[in-house]
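Visitor: Okay, here's the structure, questions in a sec.
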Amino acid sequence: MLDCNKINIRKESKGNDVKELQTYLTFRGYYDGKIDGSCGDYTVSAIKKLQKAVGGLVVDGIFGPLTCKVSGINGRDISGTSQTIDLDIWKNMMTRYDNFFKQHGQEPVICYINYTTKYEYITNTKYQDIKKRYDTYIKENGREPKFVYINKTQITQPNTTTNKPSTNTIITYFSSTPHYTSQGCNRLGQCTPYYCGVHSLHQVLRKFGITDYSESTLAAWAGTTTAGTSHGGINTAIKKVNSKKGTNIEIKWLNFSDLGNTTSARFKELGRRINNSNCDCIVHNLYRNRYGHYETIHSINTKTQNVQVLNSLGTRTGSSYKGYIENRSFSTFQSYISNTPGGQPSIGLITKK
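Counted the way this note's numbering counts, the sequence shown spans residues 2 to 354.
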């Protein structure tokens, strides 16, 4: 935990505080460089992105007391957000909550989403709300949900004939689960700098319940080289999976514009598709408007105009990456796919029939 009263990280600063800041900036999706404890131009640029996103701060690239206090680096309450929590993480939270109660004889004031990073937490009141909805879901459906909502997004629409509230619900949040969300090779992170394509397919197969094949196996089937993987290579790897597993998985490459006449309609349609348990997608884009890259989507929120991307990059460990979940605005997401290398289709819709 950083001492926000004394912190003053700027260009050429060095040390463990810088490492901790770089790790947090990676978590927030503003930094994908080395966690080396040295504040260079790339780290300064990431600090500026954080300051701009938080708002109300001087965007000077200096991580001082004010930026530190409002950044969330020492913990951010997400009880009021529309985020979701994957089932494995939620079950870990419940275990930690119960253990705390057993040890201390009282309920915790807050509950961290990830106890290792401690970047995000919910209040005890919100925990009780989620737990009640979780238990109700199991009772009514006879099974566990794939994830839990922190706050389920529902909007009522007026009835045009009676002008009275209708029970019809406009869905604004779409989630694609389950995927690998723990960090590391063959999980949230890709195993080599050029495995983004097969990593994305690896994530899709996880959603379909196929966990037999590593990224390296998929890379061999896809003909992946140090230059990466082609659309055709991904198609070939899917055919190989079908022949091995006896499945019927199909991929169809589309332009983003094929999904609707407007930007909002396209995101809604993409969300609607991947919200189904038998459908997922691989996105091909010009990542950071600099590099050709494949990735998968965790969720789409049409109300906040935000896409949660399963970013397979981030902190590098040897030849592999840890990966992280990145929040990306609709405008940024669209700018990346608008510049997809080679004029190729940017959306690979994959369906398990």
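We treat Cβ as the ideally placed atom computed from N, Cα and C, and that holds for glycine.
Note that the coordinates shown come from a computational prediction; the quantities given were computed from them, not determined experimentally.
Around the Cβ of SER72, are there at least 16 other Cβ atoms within 10 angstroms (buried) or fewer (exposed)?
Guide: Buried is the call here.
Visitor: Since THR237 contacts TRP222 with CB under 8 Å, what's their CB separation in whole angstroms?
Guide: That belief holds up - the Cβ atoms of THR237 and TRP222 are roughly 6 Å apart, short of 8 Å.
Visitor: So, helix, strand or coil for GLY190, using DSSP?
Guide: DSSP places GLY190 in strand when its eight states are reduced to three.
Visitor: Taking just the CA atoms, how far does THR227 sit from SER1?
Guide: Residue 1 falls outside the range modelled here, since the chain spans only 2 to 354, and no answer is possible.
Visitor: What is the rounded straight-line gap between the Cα of TYR174 and the Cα of LEU271?
Guide: TYR174 and LEU271: Cα-Cα distance of roughly 11 Å.
Visitor: Compare the C-alpha of THR178 against each of ASP87, ARG317, GLY190 and name the closest.
Guide: Of the listed residues, the one whose Cα sits closest to THR178 is ASP87.
Visitor: Can you give me the Cβ contacts of ILE36 inside the same chain, cut-off strictly under 6 Å, excluding the 5 residues immediately before and after it?
Guide: Excluding sequence neighbours, ILE36 sits near LYS20, GLN23, THR24, THR316.
Visitor: I'd like the ranges of any alpha helix (DSSP H) spanning at least 4 consecutive residues and lying wholly in the segment 267–343.
Guide: Qualifying alpha helix (DSSP H) stretches, in chain order: 331–339.
Visitor: Exposed or buried, PRO166, counting other C-beta atoms within 10 Å across all chains shown (16 or more means buried)?
Guide: Bear in mind that a pLDDT of 42 at PRO166, under 50, signals an unreliable position, so the model cannot answer this.
Visitor: What separation, rounded to the nearest whole angstrom, lies between the Cα atoms of ASN307 and ASP33?
Guide: Roughly 20 Å between the two C-alpha positions.
Visitor: Is ARG144 closer than 8 Å to HIS180 when the C-beta atoms are compared?
Guide: Not a contact, by the Cβ cut-off of 8 Å.
Visitor: Looking only at C-alpha atoms, which of PHE331, ASN125, THR82 sits nearest to LYS269?
Guide: The candidate whose alpha carbon is nearest that of LYS269 is PHE331.
Visitor: If you draw a straight line from the C-alpha of SER265 to the C-alpha of SER339, how long is it?
Guide: Each residue's alpha carbon lies about 15 Å from the other.
Visitor: Excluding sequence positions up to five away, which residues of its chain have a Cβ less than 6 Å from the Cβ of GLY16?
Guide: Excluding positions up to five away in sequence, the list reads GLY38.
Visitor: Opposite CYS112 in the DSSP bridges: which residues?
Guide: Answer is ILE123, bridged to CYS112.
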